[in-house]
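For the record, the sequence lines run as chains U and V.
The working numbering puts the first sequence at residues 67 to 200.
The working numbering puts the second sequence at residues 78 to 249.
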Amino acid sequence: MKKVIRWAIIVSWLLAFSLPASARSKSGLHFFVGTSNQLTFPGTLRVGWEDWEMGMLHPTAYGATKLFFAGESLYSTLGVAATTQGDLGLGLAGSIGFDYELIWGIGLRSELFAVYSYNGYSLGVGIVGLSYDF
Amino acid sequence: MPLHLLHSLIKLFLVPLSLTLGTALAYANVDFGVGMTSAMGGRQVPSLSAAYRGAQWEFTGFATGVQNEFYFHSAYGLNGYRVWKSGLLLNGQVLSGFGLGAVYSTRGFMDTGATTEDTKADVALGPALEMLWFFAGPVYLRLEALYGLRDLGAHLTLNAQDFVHLSLGLSL
Chain U
67 MKKVIRWAII
77 VSWLLAFSLP
87 ASARSKSGLH
97 FFVGTSNQLT
107 FPGTLRVGWE
117 DWEMGMLHPT
127 AYGATKLFFA
137 GESLYSTLGV
147 AATTQGDLGL
157 GLAGSIGFDY
167 ELIWGIGLRS
177 ELFAVYSYNG
187 YSLGVGIVGL
197 SYDF
Chain V
78 MPLHLLHSLI
88 KLFLVPLSLT
98 LGTALAYANV
108 DFGVGMTSAM
118 GGRQVPSLSA
128 AYRGAQWEFT
138 GFATGVQNEF
148 YFHSAYGLNG
158 YRVWKSGLLL
168 NGQVLSGFGL
178 GAVYSTRGFM
188 DTGATTEDTK
198 ADVALGPALE
208 MLWFFAGPVY
218 LRLEALYGLR
228 DLGAHLTLNA
238 QDFVHLSLGL
248 SL
């Protein structure tokens, strides 16, 4: 299973630089579920509405971020997150990634994610998964 | 820091910077801030940071350190980003950046009764991102993350030698 996920990661990043991007923007309700560092699953579980999404950004960070699309598929996010590693903390979370629509509203989504909490906890990891737009 | 490494870092960041200065920029800003970095291993040691931002490119750097009679720990970082305006968050302009970065960290410890100091240094190079939010006019919060390249196997499990830096500052 881990081999399959590793190949999916390689293919997803190759796709990011090789496929022509299709027009894409978030509208209405959308979801994102994916794996993160150590191939933890679920590594993220987010529900969104238009430009905002919230939920488990990472197993150690829960919060809400705003999505900023730049062009067709490239996006960045910025928001706040409560970090749960050690003492509960509040921090700034952000990411940059891509979200390609594959078929029927399902997208291949991958990002570099980072969070820094005022209590000193920080994290920078990759996240890969599937998005779904209603 | 080894001299050849310092030389390489200067070339890596000053050459692109000089190219940027030679182009017709629509605007340029210099930022100064204070913050904290994960390069200090979770300790909340203040860092000083600065940035130069052109129309499309930005270069940031930070320095931090702590020292007492038993140990010292210092860290330095340099990043170069392609930046773009992303939009508004609570009426504050958000800029995103993606590029390359480097972090150099060194620390030393002298045990009780020891005559020599144990020292260790880390260098990380890799892709980097930043999210810059001007939440109150020229006052900003900047989140930066460097994903140090080290082991392909680790990267395929979505790990990297991560260094995250958060700073609060003023854009001049």
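Beta carbons are placed, not taken as given, at the ideal position from N, Cα and C, and that holds for glycine.
Query: Since residue 143 of chain U contacts residue 131 of chain U with CB under 8 angstroms, what's their CB separation in whole angstroms?; Result: 4 angstroms
Query: Would you kindly work out how many angstroms separate the C-alpha atoms of residue 179 of chain U and residue 192 of chain V, rounded to a whole number?; Result: 43 angstroms
Query: Roughly how many whole angstroms lie between the Cα atoms of residue 199 of chain U and residue 112 of chain U?; Result: 12 angstroms
Query: Quick check: residue 158 of chain U and residue 243 of chain V, are their CB atoms within less than 9 angstroms of each other?; Result: yes
Query: Answer with yes or no whether the minimum CB distance from residue 143 of chain U to chain V is below 9 angstroms.; Result: yes
Query: Any beta carbon from chain V within less than 9 angstroms of residue 123 of chain U's own beta carbon?; Result: no
Query: Of all the beta strand (DSSP E) runs that stay within the bounds of the segment 201-227 of chain V, which reach a length of 3 or more residues?; Result: 216-225
Query: Looking at the unbroken beta strand (DSSP E) that takes in residue 231 of chain V, where does it start and where does it end?; Result: Careful: residue 231 of chain V lies outside any beta strand (DSSP E), inside the alpha helix (DSSP H) at 229-233.
Query: Given a limit of 7 angstroms on CB to CB distance, which residues of the segment 154-176 of chain U reach chain V?; Result: 158, 160, 162
Query: With a Cβ-Cβ cutoff of 9 angstroms, do residue 205 of chain V and residue 224 of chain V count as a contact?; Result: yes
Query: For residue 121 of chain V, count neighbouring Cβ atoms within 10 angstroms of its own Cβ and tell me buried if that reaches 16, exposed if not.; Result: exposed
Query: Assess contact between the segment 143-154 of chain V and the segment 172-184 of chain V, defined as three or more Cβ pairs (one per stretch) separated by less than 8 angstroms. Is contact present?; Result: yes
Query: Tell me, please, whether the CB atom of residue 127 of chain U is closer than 9 angstroms to any CB atom in chain V?; Result: no
Query: To which residues does DSSP link residue 95 of chain U through a beta bridge?; Result: U:115
Query: Helix, strand or coil, according to DSSP, for residue 151 of chain U in the structure here?; Result: coil
Query: Whose C-alpha, out of U:118, U:99, U:109, is nearest the C-alpha of residue 93 of chain U?; Result: U:118
Query: So which residues on chain U does residue 182 of chain V lean against when the C-beta distance must stay under 8 angstroms?; Result: Correct list: empty, because the minimum Cβ distance to chain U is about 14 angstroms.
Query: From U:126, U:196, U:96, pick the residue whose C-alpha is nearest to that of residue 114 of chain U; which is it?; Result: U:96
Query: Could you please tell me which residues of the segment 118-143 of chain V, in chain order, have their CB closer than 8 angstroms to any CB of chain U?; Result: 119, 120, 121
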